[in-house]
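Just so we're on the same page, the numbering used here is the position in the sequence shown counted from 1, plus 92.
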Amino acid sequence: MKVIYSGLFEEYWLKTAQLLSDENGWQPVYWIAMPEAETIIRGRYPDVIFHPLLDAIKGIPAPVYAERLCAPLDQPIIQQNAYTELLLLRMMERYDARGSFDYNDRVRLLHRLMMYWQTVLDETQPDIVVFTVIPHMIYDYVLHEYCKQRGIRTLMFESTPFLGRTFIMETFESASPAETLYNKLLADPVPDDIFLSDEVENYIHSFKGSYQDAPIYIRRDPKKKLYQGSTSSQKSVLQKLLDFEKYAQYIKKQIRILRARVTVPQNYVKQKHKKLENSQMNFLAYQIFRARSRRRMRQLEQRYKQLAVELDFDQPYIFVALSYQPERTTSPMAGAFVEQYLIVDMLSKAVPKDWKIYVKEHPTQFTPAKYFRAQSGRSLDLYDDLAALPNVQLVPLDISSYDLIDHAQAVAATTGTAGWEALHRGKPVLLFGLPWYRGCEGTFQIDTYESCLSALEKIRTGYALDE
93 MKVIYSGLFE EYWLKTAQLL SDENGWQPVY WIAMPEAETI IRGRYPDVIF
143 HPLLDAIKGI PAPVYAERLC APLDQPIIQQ NAYTELLLLR MMERYDARGS
193 FDYNDRVRLL HRLMMYWQTV LDETQPDIVV FTVIPHMIYD YVLHEYCKQR
243 GIRTLMFEST PFLGRTFIME TFESASPAET LYNKLLADPV PDDIFLSDEV
293 ENYIHSFKGS YQDAPIYIRR DPKKKLYQGS TSSQKSVLQK LLDFEKYAQY
343 IKKQIRILRA RVTVPQNYVK QKHKKLENSQ MNFLAYQIFR ARSRRRMRQL
393 EQRYKQLAVE LDFDQPYIFV ALSYQPERTT SPMAGAFVEQ YLIVDMLSKA
443 VPKDWKIYVK EHPTQFTPAK YFRAQSGRSL DLYDDLAALP NVQLVPLDIS
493 SYDLIDHAQA VAATTGTAGW EALHRGKPVL LFGLPWYRGC EGTFQIDTYE
543 SCLSALEKIR TGYALDE
């Protein structure tokens, strides 16, 4: 078996690859990983083609392909990948620094990647390509799509909220083995063989009580940009200094924070007036980028808050939980519904006349993170367009998701945890994406307007979720 490994560089992945090589004859022919893993990988597999991960993301060829002429693109290939191109152009928001990565830049990268990866597949002829996660870094999504078209098997992994439990899938678009087994057990249950561990039972139970008992990542205070219940983070500087048992820990943390502030993290953000492959911000450029990104997030948050209005829980409604963007949870896992306006617009036109659509922004969309991507995932126009729909209301950020779920007729989501929470609180879920829990009792997969109408009619006439 000839294998391409994409993104495998942590020690446990290297051990896994070694086992597959020793026990099953899986021979790596091409490996995309962080540079620090190159010595180990080349030591074990001298003939492997090594490709630094950041280079792959930026469209820079592996060194052995640097001078190679790549296979051309023709009209049939472009036509065959038209839908892929649509998704990828949106996925490239993660490269953008406030308008630095325009349409021409995106098409240039896309075509370079398409030419390059068809050349790699032509020459390496792999039997299987293994991805650590669902492909979403543009280069790996191009590779994934080419594999589907050529009949090359793929493997990828999707983590779940249950610690240490992961789904293995051949492709994120098809049912996982777990989903297949779930349907088999529903059709022919074997109660004696079905049980949940105490760990899983406790985790599920945490979704069924009050908001204060929910997992910390849910209980977020949008005013403080902190998660309720994370008491360590909420201590004042004085309290931290007086907590002598953790004094050394606090100092180390402050050193890490200071080091992070004076270090430019490796990134793939395109700079204006530079090609993507030549972009690497210096300290000053990165600080300017951070400042502009923060300002943009504040503008977006202010616009959202201006348009958000108080809601009526007695009014029948669908709760739409927007997903954070840009991220793989919508691109590619929501397909065309990466444009989340399409979800709200469809629901607005499909619900009964006396129903409302309550839309709440993702709690971290306005929160700066290490790579500052969120400012590229929204526009001021999006909030204006949503608020302009006749039966749609934007929801204040301080209203808990549990309150919104408990009073809703149903919850609509792409792949987010709001849908998973809703199932455990007895509410049906309209799925506009492919999360790990799709196919679970209580979910309705929405691909078309007709499937949306059908699901809403079942919910309107008293659909009850069978726990």
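Glycine included, every Cβ here is placed at the ideal spot set by N, Cα and C. Predicted, not measured: the structure shown is a model, and the values here were computed from it.
DSSP places I141 inside the beta strand (DSSP E), whose first and last residues are I141 to P144.
Contact between the segment 391-408 and the segment 416-429 is absent: fewer than three C-beta pairs spanning the two stretches fall below 8 Å.
For the 8 Å CB-CB criterion, L179 and S471 do not form a contact. Closest by C-alpha distance to L255, out of Y295, A340, A442 and P482, is Y295. The three-state secondary structure of L288, taken from DSSP, is coil.
Contact check for T216 against V156 fails: the beta carbons are separated by 8 Å or more.
Looking at the DSSP output, S471 bridges to nothing.
Counting every other CB atom within 10 Å of its CB across the protein chains shown gives I133 a total of 16 or more, marking it as buried. The continuous stretches of alpha helix (DSSP H) do not include A426, and DSSP gives it neither H nor E. DSSP, reduced to helix, strand and coil, places P120 within a strand of the structure shown. The Cβ atoms of P281 and A400 lie no closer than 8 Å to each other. The DSSP-derived three-state label of E250 is strand.
Counting along the chain, S492 sits inside no alpha helix (DSSP H), nor does DSSP assign it H or E at all. Residues R186 and P418 of the same chain have their beta carbon placed closer than 6 Å to that of R465, with the five preceding and five following residues left out of the count.
Annotation for M261: the continuous beta strand (DSSP E) segment containing it runs T258 to M261. Three or more beta-carbon pairs separated by less than 8 Å link the segment 364-378 to the segment 142-156, which places the two stretches in contact.
Between I220 and the set H228, D188, A189 and M261, the nearest pair of CA atoms involves M261.
Secondary structure at F536: strand, using DSSP grouped into helix, strand and coil. In the displayed model, S98 falls within a strand according to three-state DSSP. The Cβ-Cβ distance between I226 and R384 does not fall below 8 Å.
Out of A556, D495 and M93, the CA that lies nearest to the CA of G301 is found in D495.
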